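Contents: one structure, followed by commentary.
Residue numbers (my numbering), protein chains in the order written: chain A, 1 to 121; chain B, 122 to 481.
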């Protein structure tokens, strides 16, 4: 059984909004994102061919479903990271892969305490 | 080199040969190698008119798709291949993938000559694992054959690149015999390589499709289909029995379908193709197939099972297609449930045999 440990990865202000800080924790590369002032963390390894996912561009995406009457709609603005290798997209706030409904990355917990950003791994 | 855990928990090191990497060949860079008057023409244009790497009318989708990756120098390519664990890379062009689209015979031949001279001068001079292919302009097979005779034994020249985008007629046409004769004489293999374009010649008449997904999915393999069928029906593998032929950037899962489909047709129509001494699949099994874009079924064993139908263990060669957006990391192919021996062959040894790398 593994213990969840807390790691201070920086101070509030170290990670600009819409960007990602790559940290190495227990041999794992993790990207800590600031999305509109909230922090999220994902593994920096794509489920497809292990590309450096968190180095991808943070933007939104295009959706079309019954809710949009099958029209294209811009969605998840500022919440989607696209793997720089082959373009697989993930919602940063949930880890959900947009291409495969059943694939979701492990989303690590990030806390802010007294101005410190703490990653729970 | 990539190191794996062997079948007896030992450590196994594999030589990785990548049969498809691409360099950025902006026309201005190799214009100085071009004969007049085309040199002057190239100096005056941005890109080559009508010479596109894809339809420019598509919308640019918003979102995070990465910017284009290009390779500009041998040092950059060497460094990036090192990072991927690749020992040897076989260089193909970017712009000249569409060489076969150019309608003007002299212009196309001059461009191929300039590219070949530039490639040899700037990319193939060192013993650093970078190898290259001579571009053959299908518009002028006699000139292409002369290029093969002129440069075929240059250091690090390992194959002839046959561009397939919009090529007309297909590569089984007798007009190309001089290319095959020259390549066979020097022991140089030929590699069919397509690119996604929209063009009247099958299978590039893709104007029905409004997505790159559809056009890209269909153009590469169907272009290879068209050219293999053409080469088989005109007896190229029979008439040039020592010519080695590979197909690049079309994946591999379709090979059994094409073999069986042609074998079925052959039963009824043999009289049209009397060059053939045996069923078409006999000859297709002599072709080599580059992996990229490797199919990724949920159960990777299904792909390995398919490979058995065409002796894939001895005829499939790893290709990454670096630095293109659909490149495959060597690990994706190494993860296939093959024996260590099978991995050794597909990741390197088959390419050593195909490109004669043992003594080059």
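Beta carbons are placed, not taken as given, at the ideal position from N, Cα and C, and that holds for glycine. All figures in this text were calculated on a predicted structure; none of them were measured in a lab.
Chain B beta carbons: is any one of them nearer than 9 Å to that of residue 18/A?
Not an interface residue.
Assign residue 100/A to one of two classes, buried (16 or more other C-beta atoms within 10 Å of its C-beta) or exposed (fewer than that).
Burial state of residue 100/A is exposed, judged by a 10 Å Cβ sphere holding fewer than 16 other Cβ atoms.
Given this structure, state the Cα-to-Cα distance separating residue 431/B from residue 350/B, to the nearest angstrom.
Rounded to whole angstroms, residue 431/B to residue 350/B spans 16 Å at the Cα level.
If you draw a straight line from the alpha carbon of residue 489/B to that of residue 160/B, how long is it in whole angstroms?
Chain B is shown only over 122 to 481; residue 489/B falls outside these bounds and no answer can be derived.
Hey, quick one: how far does the alpha helix (DSSP H) through residue 235/B stretch, first residue to last?
Residues 226-243.
Please report the distance separating the alpha-carbon of residue 459/B from that of residue 8/A.
The alpha-carbon atoms of residue 459/B and residue 8/A are separated by roughly 43 Å.
Within 9 Å of any Cβ in chain A, is that where the Cβ of residue 458/B sits?
Output row for residue 458/B: interface = no.
Is the number of C-beta pairs between the stretch 63-74 of chain A and the stretch 30-49 of chain A that are closer than 8 Å three or more?
No: fewer than three Cβ pairs fall under 8 Å.
In chain B, which residues lie with their C-beta within 9 Å of the C-beta of residue 6/A?
Neighbours of residue 6/A on chain B: none; closest Cβ ~30 Å, over 9 Å.
Report yes if the CB atom of residue 300/B is closer than 9 Å to the CB atom of residue 327/B, and no otherwise.
No, these two residues do not count as a Cβ contact at 9 Å.
Whole angstroms are fine: how far does the CA of residue 76/A sit from the CA of residue 146/A?
One cannot answer for residue 146/A here, as it falls past the ends of chain A, which runs 1 to 121.
When you compare only the Cα positions, how much space is there between residue 194/B and residue 394/B?
Between residue 194/B and residue 394/B, the C-alpha separation is close to 46 Å.
Does residue 54/A come out as helix, strand or coil in the three-state DSSP assignment?
Residue 54/A sits in a helix when the DSSP states are folded into three classes.
Cβ-Cβ distance between residue 58/A and residue 18/A below 9 Å
The answer is yes: Cβ separation under 9 Å.
Show which residues of chain A have a CB atom less than 8 Å away from the CB atom of residue 182/B.
Going along chain A in sequence order, the residues near residue 182/B (Cβ under 8 Å) are 62.
Could you name the residues of chain B that residue 113/A contacts, counting a contact when the two beta carbons are closer than 8 Å?
Neighbours of residue 113/A on chain B: none; closest Cβ ~31 Å, over 8 Å.
Give the residues from the stretch 63-87 of chain A that approach chain B closer than 9 Å (Cβ to any Cβ), ordered along the chain.
Flagged, chain order: 74, 80, 81, 82, 83, 84, 85, 86, 87.
The stretch 287-303 of chain B in contact with the stretch 350-360 of chain B per 3-pair CB rule at 8 Å
Contact between the stretch 287-303 of chain B and the stretch 350-360 of chain B is present, because at least three Cβ pairs lie under 8 Å.
If we count the other Cβ atoms within 10 Å of its Cβ and call it buried at 16 or more, is residue 468/B buried or exposed?
Buried, by the Cβ-count rule.
Could you tell me which residues DSSP puts in a beta bridge with residue 67/A?
For residue 67/A, which the question treats as bridged, DSSP gives no partner whatsoever.
C-beta neighbour in chain A for residue 174/B, strict 9 Å:
Low per-residue confidence applies at residue 174/B: pLDDT is 49, beneath 50, and the placement is therefore not dependable, though the value from the model is reported in the following sentence. False, the Cβ-Cβ gap to chain A never drops below 9 Å.
Using 9 Å as the threshold, is the C-beta distance between residue 264/B and residue 233/B below it?
At the C-beta level, residue 264/B and residue 233/B come within 9 Å of one another.
So which residues on chain E does residue 50/A lean against when the C-beta distance must stay under 8 Å?
Of the protein chains in this structure, namely A and B, none is chain E.
DSSP three-state label for residue 76/A, please.
Reduced to three states, the DSSP call for residue 76/A is strand.
Classify residue 392/B: buried if its beta carbon has 16 or more other beta carbons within 10 angstroms, exposed otherwise.
Answer is exposed; the Cβ neighbour count stays below 16.
Are residue 372/B and residue 401/B touching if we call contact CB-CB under 9 Å?
Taking 9 Å as the Cβ cut-off, residue 372/B and residue 401/B do not qualify as a contacting pair.
Taking 8 Å as the threshold, find out whether the stretch 448-466 of chain B comes into contact with the stretch 330-343 of chain B through three or more Cβ pairs.
Taking 8 Å as the limit for Cβ pairs, the verdict is that the stretch 330-343 of chain B does not touch the stretch 448-466 of chain B.
Whether residue 246/B touches residue 278/B by CB criterion (9 Å)
Contact: no.
Only counting the same chain, and skipping five residues up and downstream in sequence, which positions put a Cβ closer than 8 Å to that of residue 290/B?
Apart from sequence neighbours up to five positions away, the residues of its chain that approach residue 290/B with a beta-carbon distance below 8 Å are 296, 351, ordered along the chain.
Starting from residue 158/B, trace the beta strand (DSSP E) both ways and give me its first and last residue.
Counting along the chain, residue 158/B falls outside any beta strand (DSSP E), and DSSP gives it neither H nor E.
Within the same chain, show all residues whose beta-carbon is closer than 6 Å to that of residue 239/B, passing over the 5 residues directly before and after it, in chain order.
Excluding residues within five positions, the ones whose Cβ falls inside 6 Å are 151, 154.
Quick one: which chain A residues come within Cβ less than 9 Å of residue 185/B?
At a C-beta separation below 9 Å, residue 185/B has these neighbours in chain A: 56, 57, 58, 59, 60, 61, 80, 81, 82, 83, 84, 87, 89.
Residue from 270/B, 316/B, 309/B with nearest C-alpha to residue 281/B:
Closest option to residue 281/B, Cα to Cα, is 309/B.
Taking the C-alpha atoms as reference points, what is the distance between residue 269/B and residue 304/B?
For residue 269/B and residue 304/B, the gap between their C-alpha atoms comes out near 7 Å.
DSSP three-state call for residue 383/B: helix, strand or coil?
The DSSP-derived three-state label of residue 383/B is helix.
Could you give the DSSP three-state label for residue 1/A: helix, strand or coil?
Unreliable placement is indicated for residue 1/A, whose pLDDT of 49 sits below 50; the coordinate value is still reported in the next sentence. Coil.
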